[in-house]
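The letter at position 60 of the sequence shown is residue 64 when you use the working numbering, and the numbering goes up by one with no holes.
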Amino acid sequence: MVLNWWNTAPRRMLALVSAVCVAMLAFGLYLQHSVGLEPCPMCIVQRYALILVAIFAGLASVRGQKGWWMPWAVLALLACGFGAFTAARQSWLQWFPPEVAMCGRDFYGMIENYPMRRAIPMIFKGSGDCAAIDWTFLGGSIANWSFVCFVVLGGALAWLLARGLRAGR
């Protein structure tokens with residue numbers, strides 16, 4: 005009975021990870037369009053990471069064969085790591101704001117006006133907008149909660165991958 009549950013568990017867990025990402029994206033859009041919070045460049049990058057995790061986990065949940073779901077789950081785990089890094093950097097900027105808080109270009113303006121090798125460091129450098137805390141829940145900012153969610157999702161994916169390797173599936 006337990007072995008039979010494990011045969012369907014990867015697909016269920018991956019579908020759950022994908023659904024959680026979609027719910028987080030929907031909440032971000034709610035905060036943007038209903039509450040009126042404008043996302044900063046680092047928030048946009050975190051959204052892209054969530055989209056990648058949702059897509060990769062969703063594709064991984066399509067079939068139960070190890071050769072199919074494990075590579076997609078690895079890609080989802082890497083996207084989680086990237087999102088966690090971005091959220092951690094934004095949290096750090098919020099805890100230790102730069103001395104000169106000047107608002108930089110928006111995400112799309114950076115991409116359109118600068119080559120990628122200059123735009124990517126500018127995005128992670130942050131701006132006055134990235135250091136601002138406009139909304140909190142239980143004492144944590146959006147970036148703090150985003151980091152927690154990326155770590156939890158990454159932990160679930162890592163556990164799933166380790167379990168799949170041990171099971172020999």
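All C-beta atoms, glycine included, are put in the ideal place defined by N, C-alpha and C.
Remember, predicted model here, so these are calculated numbers, not experimental data.
Practice prompt. Give the C-beta separation of Gly-32 and Arg-51 to the nearest angstrom, bearing in mind that I take them to be a contact with Cβ-Cβ under 8 angstroms.
Written response: Contact flag correct, Cβ pair sits at about 6 angstroms.
Fill in: Alpha-carbon to alpha-carbon, Ser-38 and Asp-138
For Asp-138 and Ser-38, the distance between alpha carbons rounds to 14 angstroms.
Worksheet item: Taking buried to mean at least 16 other C-beta atoms within 10 Å of its own C-beta, is Val-21 buried or exposed?
Response: So Val-21 counts as buried.
Practice prompt. Using alpha carbons as the reference points, say which of Ala-147, Arg-121 and Leu-35 lies closest to Ala-179.
Written response: With the chain represented from 5 up to 173, any question about residue 179 goes unanswered, as that position is not in the structure.
Worksheet item: Hey, would you say Leu-165 sits closer than 8 angstroms to Val-78, going by beta carbons?
Response: Contact: yes.
Fill in: Arg-67 - containing alpha helix (DSSP H), residue span
No alpha helix (DSSP H) holds Arg-67; DSSP gives it neither H nor E.
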